[in-house]
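K.L.:
Here it is: the structure, laid out below.
In UniProt numbering, the protein residues as written are 1 to 353.
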């Protein structure tokens, strides 16, 4: 096995991870990586932006459109700190991106060297995971781990800071695909009793309402959502980020929720007897900034989400179903044996407003 620089190990690992595009802005601390990238330009296209913030937002856009992890490069210091807005945005919007920042050499850490900034501590509140690599031999494994964490469970931003000596150091490329399934990243098992209880509540409801969030799209659960709505005949509305989960031509699609949305779904949220929230987080754009105890106070709330931290965070739920929206909708469908009768009077109320 040939000995190569850490910078080349990085580029080769990105190729193995099927990276086609990198958005970035070069600088001194990341220059060895750019030097290595030059020799692999047939495999990876680099898109030069005019500012690091532009690079991370471009990576976000690419991730949202392609469904892949968006990758961006920046140098240390101001280059790295210019990523913060994009990182925070990606964390809130559940966008899978991998940011690779250059850093001063290990022996200069903590000396206030030129463009040395502690980007690990700075980015901690706005990343799903971050890590500083100081040895070339660790680069491939950490990059693989970064890709996994960015995409697994609820997607989000990952930042990997690589010191300049690690980029220049010689080592072997020993790629190991990072695979880890545990409670931190993904819960496959869904409580069967809760599924059955939710199915019973839905079946017996007279004025149910579905709130659709981006989690449906991230889970590729659009077909399951369509089947669920067809089987239950329940009207639905979407958050801003969940708008394309349900076709607008569907007669049960009542538009958009929230302060920028349509009047009827907002008014009738508080008239429903059951709310089924799928892959959404009850943020203030949906609930408003009123006393949250008044929100949907007549409803039993069934909350489906992959992120445990969102359960009971803003709105107290009666039944929570933790996991991938696609899997949970499939299980709910299998427990709803008979199609639920449509309540025309309830549907007509949405058209009345």
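Ideal Cβ placement from N, Cα and C applies to all residues, glycine included. It should be emphasised that the depicted structure is a prediction, and the values quoted were computed from it without experimental measurement.
(1) If you run the structure through DSSP and keep just helix, strand and coil, what is residue 60?
(2) Three-state secondary structure (DSSP) at residue 13?
(3) Within the continuous beta strand (DSSP E) that includes residue 5, where are the two ends?
(4) Flag this pair as touching only if the region 118-136 and the region 155-164 have three or more C-beta atom pairs under 8 Å; answer yes or no.
(5) Excluding five sequence neighbours on each side, which residues of the same chain lie with their C-beta closer than 8 Å to the C-beta of residue 273?
(6) Going by DSSP, what residue range makes up the beta strand (DSSP E) through residue 157?
(7) Secondary structure at residue 35, three-state DSSP: helix, strand or coil?
(8) Under 8 Å Cβ to Cβ from residue 22, same chain only, skipping five residues before and after it: list those, please.
(9) On the three-state DSSP scale, how would you describe residue 286?
(10) When you compare only the Cα positions, how much space is there between residue 176 and residue 139?
(11) DSSP beta-bridge partners for residue 99?
(12) Compute the beta-carbon to beta-carbon distance between residue 275 and residue 198, rounded to the nearest angstrom, for a pair I have assumed lies under 8 Å.
(13) State the beta-bridge partners of residue 48 as determined by DSSP.
(14) Where residue 98 and residue 224 are concerned, what is the direct C-alpha to C-alpha distance, given to the nearest angstrom?
(15) Where residue 39 and residue 67 are concerned, what is the direct C-alpha to C-alpha distance, given to the nearest angstrom?
(16) If you draw a straight line from the alpha carbon of residue 188 to that of residue 63, how long is it in whole angstroms?
(17) Can you find the residues in the same chain that come closer than 8 Å, C-beta to C-beta, to residue 349, ignoring five residues on each side of it along the sequence?
(18) Relative to the alpha-carbon of residue 6, which residue among 31, 113 and 201 has its alpha-carbon at the smallest distance?
(19) Can you say whether residue 51 is buried or exposed, counting buried as having 16 or more other CB atoms within 10 angstroms of its CB?
(20) I think residue 367 touches residue 257, with their Cβ atoms under 8 Å apart; what is that distance to the nearest whole Å?
(21) I'd like to check one pair, residue 149 with residue 123: are the Cβ atoms closer than 8 Å?
(22) With 16 as the cutoff for other CB atoms within 10 Å, does residue 324 come out buried or exposed?
(23) For residue 255 and residue 239, which I take to be in contact (beta-carbon distance under 8 Å), what is that distance rounded to the nearest angstrom?
(24) Thinking just about the alpha-carbon of each residue, which of 235, 146 and 29 is nearest to the one in residue 251?
(25) Quick check on the DSSP output: the beta strand (DSSP E) that includes residue 267 runs from which residue to which?
P.N.:
With the structure as the only source:
(1) helix
(2) helix
(3) Counted as a single uninterrupted DSSP element, the beta strand (DSSP E) harbouring residue 5 occupies residues 3-5.
(4) Touching, per the Cβ criterion.
(5) So the list reads 205, 206, 207, 208, 298, 299 and 300, once near-sequence residues are dropped.
(6) 157-163
(7) Note: residue 35 maps to helix in three-state DSSP.
(8) 14, 37, 44, 45, 46, 47, 71, 72 and 73
(9) helix
(10) 11 Å
(11) In the DSSP assignment, residue 99 forms a beta bridge with 72 and 159.
(12) Incorrect: roughly 12 Å between the Cβ atoms, too far for contact.
(13) Looking at the DSSP assignment, residue 48 forms a beta bridge with 24.
(14) C-alpha separation (whole angstroms): 29 Å.
(15) 27 Å
(16) Annotation note: pLDDT 47 at residue 188 (below 50); position unreliable, coordinate value reported separately. Near 24 Å, if we compare the C-alpha coordinates of residue 63 and residue 188.
(17) 264, 268 and 271
(18) 31
(19) exposed
(20) The structure shown does not extend to residue 367, since the chain is modelled only from 1 through 353, so no value can be given for it.
(21) no
(22) buried
(23) So it is not a contact: roughly 11 Å between Cβ atoms.
(24) 235
(25) Taken as a continuous stretch (DSSP letters only), residue 267 belongs to no beta strand (DSSP E), being part of the alpha helix (DSSP H) at 263-269.
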